[in-house]
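Below is one structure, written out as structure tokens; comments come after it.
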Amino acid sequence: MDNKAEAETMEAVSKEVMDLENVPMEEVFQTLRCNPNGLTTASAEERLTIFGYNKLEEKQESKFLKFLGFMWNPLSWVMEVAAIMAIALANGGGKPPDWQDFVGIIALLLINSTISFIEENNAGNAAAALMAHLAPKAKGEIESVVIATGVHTFFGRAAHLVDSTNQVGHFQKVLTAIGNFCICSIVVGMIIEIIVMYPIQHREYRPGIDNLLVLLIGGIPIAMPTVLSVTMAIGSHRLSQQGAITKRMTAIEEMAGMDVLCSDKTGTLTLNKLTVDKNLIEIFAKGVDADTVVLMAARASRVENQDAIDAAIVGMLADSKEARAGIQEVHFLPFNPTDKRTALTYIDSEGKMHRVSKGAPEQILNLVHNKSEIERRVHVVIDKFAERGLRSLAVAYQEVPDGRKESSGGPWQFIGLMPLFDPPRHDSADTIRRALNLGVNVKMITGDQLAIGKETGRRLGMGTNMYPSSALLGQNKDESIAALPVDEIIEKADGFAGVFPEHKYEIVKRLQARKHICGMTGDGVNDAPALKKADIGIAVADATDAARSASDIVLTESGLSVIISAVLTSRAIFQRMKNYTIYAVSITIRIVLGFMLLALIWKFDFPPFMVLIIAILNDDLYFMLSNLHLFHITLCVSL
12 MDNKAEAETM EAVSKEVMDL ENVPMEEVFQ TLRCNPNGLT TASAEERLTI
62 FGYNKLEEKQ ESKFLKFLGF MWNPLSWVME VAAIMAIALA NGGGKPPDWQ
112 DFVGIIALLL INSTISFIEE NNAGNAAAAL MAHLAPKAKG EIESVVIATG
162 VHTFFGRAAH LVDSTNQVGH FQKVLTAIGN FCICSIVVGM IIEIIVMYPI
212 QHREYRPGID NLLVLLIGGI PIAMPTVLSV TMAIGSHRLS QQGAITKRMT
262 AIEEMAGMDV LCSDKTGTLT LNKLTVDKNL IEIFAKGVDA DTVVLMAARA
312 SRVENQDAID AAIVGMLADS KEARAGIQEV HFLPFNPTDK RTALTYIDSE
362 GKMHRVSKGA PEQILNLVHN KSEIERRVHV VIDKFAERGL RSLAVAYQEV
412 PDGRKESSGG PWQFIGLMPL FDPPRHDSAD TIRRALNLGV NVKMITGDQL
462 AIGKETGRRL GMGTNMYPSS ALLGQNKDES IAALPVDEII EKADGFAGVF
512 PEHKYEIVKR LQARKHICGM TGDGVNDAPA LKKADIGIAV ADATDAARSA
562 SDIVLTESGL SVIISAVLTS RAIFQRMKNY TIYAVSITIR IVLGFMLLAL
612 IWKFDFPPFM VLIIAILNDD LYFMLSNLHL FHITLCVSL
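Position in the sequence shown (from 1) plus 11 gives the number in our numbering.
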């Protein structure tokens, strides 16, 4: 292939015209002009120029535009109209424009916008600094051919869709509704004043304009967005001290109103510290005992960069070095979501080659030569383990007579089933009771078997009314499940088992359709859509970067108690915000009615600048009291 043809091929790949996911490996090598030995330095640099680095584009937000955004909302619009009136419409009756009020209004706008900008910027910087300390954790190994990078990868496209999704939060909706109410009240008052003052009372032009300015300036709670923003910023700092980093300050309001929490089981409700009871290991091969099954499973495990399962199995040995003692490692197959197993090819002290594998029972069953003979017994043991809340791990062994690692080897032999137990966290049961007392219904979302989910739910006191994931999207449903609507199943369920990421998204969507404020925990890349869809997406400790990016809150500590404590603190913060909002709306009503009646009945003309001073003093005073009271509430919650 000449350089021109190669360039055209690379361009086709970069534009995703060619589908390399579903073609034989030989064609992939030929198309990408590479081989199993890798790329040369020159070739790698050339491809970097064509395809770019394997990272997502980072959006840089303009600080100036962000600052101007605080002056672009319904409440600010009214103040801006008042400023224009002060120099345009007030220029009449032989008097100059009202520069005094104009400068005061603009100063008030700038002060409030500056405070909001600084507080939100500080909160964002604090969250970014804390996130930076949560270094990404990646481990494992695989032999593969890279066919796409960055936004062109499957996960890159998913992340791009997540970033392009923007939902208007409940807080913003409420703030907009309050602003619209205040504006409508002022507009009605101004219309009444205009009708009465000019056609009926024949008042002079300039005093009438001043009275209209009084309603505009005094009736708008201009400091409300600032007070609420600062309150949330302080609350965000309080939550970070409890192990919950808020990436979006308005998530505090959603957290306060959350009534359903869909929680992962592993690592959140449980410790994610697996143990194996050697006495319960089930033997399936002759001449094999429990110690042999453990040794074979340990050989099929990594002795470094271990996951929870590998660590538990290797930890059963007297010395971790026994896993590789007396053998020469030839090839290790790491775990992947497709095969759902690991395998080690090795040579023993006599020079003979063997292969051992551990993994999901169904995958191991598909390997062995006598599947039909042992399948029923295997499933009976798996169900027995599951009823006790134990996961099953299968172990198989084969000989490789021809001594080649590429060889398929002799028949696989199913040698044993190991029970894995992930104990519940010591505080999970008490935390779930606290959540119920707060009106938060916790639903367990687990990828484990249904029986394991039910047993864990029984131990934690959260109920056993759980359903398999097939109840959500599957076609093969039991008659008892098929008769119920999916929405009703999700509403009444205590949890779901055998769940995949698409099921999480469906659960969130259905709960939101039933007017629930839904929280969702997640840790993987595939959880990102569900985390973004949820009202409160919560990335648990040790979550991937993609999950953190899609979430609203990032936990720095494991367990459910962090979330429930954050709910309690959020409600204290929200109560303060609610009190101020009620106060601000009541002030608007009183000012509109009071000054309108003074102007129309008693024909009293009040200087707009004095109203402006009163508004500034009133808002600033309440701003300080709000923060002091918030500190007091948060301190009480902490104690």
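Each residue gets a CB set at the ideal place from its N, CA and C atoms; glycine is no exception.
A Cβ-Cβ distance of about 5 Å is found for the pair residue 478 and residue 504, placing them in contact under the 8 Å criterion. The secondary-structure analysis by DSSP pairs residue 366 across a beta bridge with 356 and 409. In this structure, residue 242 keeps its C-beta atom at 8 Å or more from the C-beta atom of residue 621. Put simply, the backbone Cα of residue 191 is about 7 Å away from that of residue 85. When DSSP states are grouped into helix, strand and coil, residue 478 belongs to the strand group.
Short of 6 Å from the beta carbon of residue 343, and not among the five residues preceding or following it, lie these beta carbons of its own chain, in chain order: 355.
Secondary structure at residue 577: helix, using DSSP grouped into helix, strand and coil.
With respect to residue 549, residue 560 sits apart: the two C-beta atoms are not nearer than 8 Å. When the Cα atoms are used, residue 184 and residue 40 turn out to be separated by approximately 53 Å.
Taking C-beta atoms under 8 Å as the contact rule, residue 541 and residue 530 fail to qualify, at a distance of about 11 Å.
Within the region 83-107, the complete alpha helix (DSSP H) runs of at least 4 residues fall at 85-98.
Excluding its 5 nearest sequence neighbours in each direction, residue 375 has C-beta neighbours in its own chain below 6 Å: 405 and 407, listed in chain order.
Secondary-structure assignment with DSSP links residue 452 through a beta bridge to 271. For the pair residue 127 and residue 62, the CB atoms are not nearer than the 8 Å cut-off. In the DSSP assignment, residue 72 falls outside any beta strand (DSSP E) and carries neither an H nor an E.
Residue pairing by DSSP places residue 529 opposite 271 in a beta bridge. The beta-carbon separation of residue 610 and residue 204, rounded to 6 Å, stays under the 8 Å limit for a contact. Here residue 233 carries a coil assignment [DSSP, helix/strand/coil].
Ranking 93, 251, 224 and 280 by CA distance to the CA of residue 466 puts 280 first. In this structure, 366 is the residue among 366, 131, 497 and 289 with its C-alpha nearest to the C-alpha of residue 307. Within its own chain, the residues whose Cβ lies closer than 7 Å to the Cβ of residue 253, once the five positions on either side in sequence are excluded, are 573, 576, 577 and 580, listed in chain order. In the pairwise beta carbon analysis, the region 219-226 is classified as touching the region 592-610: at least three pairs are separated by under 8 Å. The C-beta separation of residue 73 from residue 120 comes to about 19 Å, leaving the pair out of contact by the 8 Å criterion. Residue 282 sits close to residue 433, with the two beta carbons spaced by under 8 Å. Contact check between the region 378-390 and the region 415-426: three or more CB pairs, one atom from each, fall below 8 Å, which counts as touching.
Ranked by Cα distance from residue 107, the first of 481, 220 and 187 is 220. The continuous stretches of alpha helix (DSSP H) do not include residue 158, and DSSP gives it neither H nor E.
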